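Contents: one structure, followed by commentary.
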Amino acid sequence: MGNYYQPEIECAPREQILALQNERLVKQVRNVYDHVEYYRKRMDEKGVKPEDIRSVEDLHKLPFLTKDDLREAYPYGLLARPLSDCVRIQSTSGTTGRRVVAFYTQHDIDLWDECCARAIMAAGGTKDDVVHVCYGYGLFTGGPGLNGGSHKVGSLTLPMSSGNTERQIQFMTDLGSTILCCTPSYAAYLAESIIERGLRDKIKLKAGIFGAEAWTEEMRHDIEEKLGIKAYDIYGLTEISGPGVSFECEEQTGMHINEDHFIAEVINPETGEVLPEGEKGELVFTSITKEAFPLLRYRTRDICILSRKKCSCGRTHVKMTKPLGRSDDMLIVKGVNVFPSQIETVLLNKGYAANYQIIVTRVKNSDQLEVQVEMTPEMFSDSMGEITGREKELVDALKAMLGIYAKVKLVAPKSIQRSEGKAVRVIDKRDLYGK
Ligand code: DLL
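Residue 1 is where the sequence shown starts when you use the working numbering, and the numbers rise one by one after that.
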């Protein structure tokens with residue numbers, strides 16, 4: 001028997017989930033049409049009436065919503081409840097420089113917390129756990145989301161927020177934290193710091209719940225080994241609530257999407273056509289239980305694949321792969337598509353830690369790709385010959401993976417600035433789209 005927060009819904013038969021989705025979708029469409037002018041206008045423009053949407057099968061008739069719509073409607077244009085019913089806002093971390101503000105009623109917060117509680121219990125969490133949350137607290141959804149989930153489970157919650165690594169480690173050892181929640185890049189940094197201080201035997205961690213940024217399987221193994229834990233992925237976005245839109249179970253073959261709250265579709269990002277299960281495309285969500293800020297057919301720009309294969313954990317909700325890239329962050333270097341995760345895979349395979357930066361410039365109309373990589377302390381050497389040899393090895397491995405030349409510069413351990421939130425992996429200096 002697995003460890004579930006709401007087994008009756010997490011493991012419900014497919015027909016039951018579908019019936020719930022149909023009922024909630026019909027209500028939500030009517031609700032936004034009646035209460036949100038922005039939706040009414042968009043639906044009228046497309047010639048769709050609420051009564052045209054009778055089940056999930058009709059979802060494709062609705063217009064998509066994008067980040068541009070959110071910006072256009074900023075701040076209150078998509079609110080479906082009076083502001084006096086709202087109790088909270090959260091906002092995106094702004095890694096792409098665009099802010100989005102999402103609103104929540106108390107009921108929205110409760111449901112969001114439940115989604116995070118499902119994720120914590122899927123990672124083995126119980127009321128006896130000490131949940132160490134070092135996602136940022138504040139406008140970012142990471143801290144508040146996992147904090148709320150941990151309360152629902154009844155675990156002892158340490159609302160650490162990000163930063164101050166000394167203090168993180170001290171609380172972790174003194175209070176015996178058992179579940180660590182933070183970005184994978186911060187988990188890797190904490191792991192390094194714990195080992196450096198010789199405290200690996202003093203920590204009691206058993207699991208980690210890491211998300212909010214892309215990370216590879218190689219990075220997962222690295223963190224698992226260094227901290228002696230099982231590392232679970234968690235996915236979400238501010239617009240749809242925050243962390244806990246989907247989460248990994250012990251099978252670790254994708255993340256279960258909380259389908260009683262969010263309907264997932266995968267589309268061709270070029271044409272908008274809905275793709276069949278198993279095909280790779282852009283993930284689109286419809287929130288069917290949100291009161292304050294319900295988004296219909298919201299384009300996430302995250303590229304993934306959905307799967308309804310039976311899961312050994314007993315959960316019946318559809319699974320998504322880790323985001324395999326974004327339809328808008330893929331780098332095109334010398335005409336070749338480059339995903340930062342491909343570069344990370346090469347580095348970790350060659351024994352480097354995930355401390356690197358990708359710098360793209362354009363010199364005389366020619367793209368230049370440079371990867372700066374930190375050496376591990378064991379690799380660090382004064383011998384130029386040794387360093388040059390290592391750089392050449394990486395150049396060849398990157399060429400094999402990407403098909404193009406990337407200059408490699410090895411730098412001293414700890415010289416690339418650490419992030420307490422999302423790591424800045426790519427510096428694109430080309431100004432491709434104008435300022
Ligand atoms: O990052 C919410 C979150 C907090 C998720 C804590 C997980 C843990 P935003 O700042 O709005 O929200 O960024 C959302 O981050 O569209 C993805 O591109 C990326 N992302 C989120 N989780 C993952 C993940 C939070 N597990 C955007 N793997 C999303 C890869 C992720 N990318």
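For each residue, glycine too, the CB sits at the ideal point set by N, CA and C. No experiment lies behind these values; they were computed from the predicted model shown.
DSSP three-state label for G94, please.
Residue placement at G94 is flagged as unreliable, the pLDDT there being 43, under the threshold of 50; a coordinate-derived value is accordingly withheld.
If you draw a straight line from the C-alpha of P243 to the C-alpha of I257, how long is it?
If you take the alpha carbons of P243 and I257, they lie about 11 Å apart.
Can you name, in chain order, every residue of its own chain whose Cβ lies under 6 Å from the Cβ of T165, other than the five neighbours on each side?
Setting aside the 5 residues that flank it on each side, T165 is surrounded in the same chain by S193, each with a C-beta closer than 6 Å to its C-beta; the list follows chain order.
With the cut-off set at 9 Å, would you say R326 and I359 are in Cβ contact?
Using a Cβ distance threshold of 9 Å, R326 and I359 do not count as a contacting pair.
Answer yes if the stretch 120-130 comes into contact with the stretch 235-250, meaning at least three C-beta pairs across the two stretches below 8 Å, and no otherwise.
The count of Cβ pairs closer than 8 Å, one atom from the stretch 235-250 and one from the stretch 120-130, reaches three, so the stretches are in contact.
Could you tell me whether the Cβ atoms of K322 and M255 are closer together than 9 Å?
The answer is yes: Cβ separation under 9 Å.
Using three-state DSSP, classify V131 as helix, strand or coil.
In this structure, V131 counts as strand in the three-state DSSP scheme.
Do G254 and the ligand DLL come close, with the Cβ less than 8 Å from some heavy atom?
Checking the Cβ of G254 against the ligand DLL gives no.
Go ahead and pull the three-state DSSP assignment for I305.
Reduced to three states, the DSSP call for I305 is coil.
Does the pairing of the stretch 369-382 with the stretch 406-414 give three or more beta-carbon distances under 8 Å?
Contact between the stretch 369-382 and the stretch 406-414 is established, with three or more Cβ pairs separated by less than 8 Å.
Would you say P323 touches the ligand PLP, meaning its beta carbon is less than 8 Å from a heavy atom?
Only the ligand DLL can be found as ligands here, which leaves the ligand PLP out of the picture.
Taking 8 Å as the cut-off, is the CB of G77 close to at least one heavy atom of the ligand DLL?
False, no ligand heavy atom lies under 8 Å from that Cβ.
Could you have a look at T289 and say whether DSSP puts it in helix, strand or coil?
DSSP, reduced to helix, strand and coil, places T289 outside both helices and strands of the structure shown, so it counts as coil.
Is W112 near the ligand DLL, going by C-beta to nearest heavy atom under 8 Å?
No.
Between the C-alpha atoms of L156 and F140, what's the straight-line distance to the nearest angstrom?
Roughly 22 Å between the two C-alpha positions.
Cross-strand partners of I234 (DSSP beta bridge)
Answer is G211, F247.
Taking 8 Å as the line, does the beta carbon of G281 fall inside it for any heavy atom of the ligand DLL?
Set against 8 Å, the gap from the CB of G281 to the closest heavy atom of the ligand DLL is not smaller.
Please confirm whether any heavy atom of the ligand DLL lies closer than 8 Å to the CB of F140.
Relative to the ligand DLL, F140 has its C-beta within less than 8 Å of a heavy atom.
Alpha-carbon spacing of L158 relative to H132, whole angstroms
Their Cα atoms are separated by approximately 5 Å.
For Y74, does the count of other Cβ atoms within 10 angstroms reach 16, so buried, or fall short, so exposed?
Y74 is exposed by the Cβ-count criterion.
Anyone know if the C-beta pair for C115 and S241 falls short of 9 Å?
In terms of Cβ geometry, C115 and S241 form a close pair [threshold 9 Å].
3-residue-minimum beta strand (DSSP E) runs that sit fully inside the stretch 374-432, ordered along the chain
For the stretch 374-432, the full-length beta strand (DSSP E) segments reaching 3 residues or more read 407-411, 426-428 along the chain.
Buried or exposed for E279, going by 16 or more other Cβ atoms inside 10 Å?
Exposed, by the Cβ-count rule.
Return the chain-ordered list of same chain residues with a C-beta closer than 6 Å to the C-beta of A423, the five sequence neighbours on each side being excluded.
Counting only Cβ-Cβ distances below 6 Å, and skipping sequence neighbours, we find S185.
Just to confirm, is the Cβ distance from A397 to V338 under 9 Å?
For A397 and V338, no; Cβs fall outside 9 Å.
Name the DSSP beta bridge partners of M255, please?
For M255, DSSP records a beta bridge to E248, M320.
Closer than 8 Å to a non-hydrogen atom of the ligand DLL - does that hold for the CB of Y135?
Yes, Cβ of Y135 sits closer than 8 Å to a heavy atom of the ligand DLL.
In angstroms with no decimal places, state the Cα-to-Cα distance between M43 and D58.
In a straight line, the C-alpha of M43 is about 13 Å away from that of D58.
So what does P159 bridge to, in DSSP terms?
Listed as beta-bridge partners of P159 by DSSP are V133.
Taking 8 Å as the cut-off, does the CB of A233 come closer than this to any heavy atom belonging to the ligand DLL?
Residue identity check: residue 233 is Asp in the sequence provided, not Ala. Checking every heavy atom of the ligand DLL against the Cβ of D233, one is found closer than 8 Å.
Shortest alpha-carbon distance to W112 belongs to which of Y5, S177, G351, I343?
Residue Y5 is the option with its Cα nearest to W112.
Considering only the beta carbon of each residue, do A80 and P294 sit closer than 9 Å?
With contacts defined by Cβ atoms closer than 9 Å, A80 and P294 form a contacting pair.
Would you decide whether Y135 is buried or exposed? Buried here means 16 or more other CB atoms lie within 10 Å of its CB.
Buried, since its Cβ has 16 or more Cβ neighbours within 10 Å.
For I9, count neighbouring Cβ atoms within 10 angstroms of its own Cβ and tell me buried if that reaches 16, exposed if not.
It counts as buried.
Let's test the definition: count the other Cβ atoms within 10 Å of the Cβ of G389 and tell me whether it reaches 16, buried, or not, exposed.
So G389 counts as exposed.
Three CB pairs or more closer than 8 Å across the stretch 298-315 and the stretch 268-287:
Result yes; three or more Cβ-Cβ pairs closer than 8 Å.
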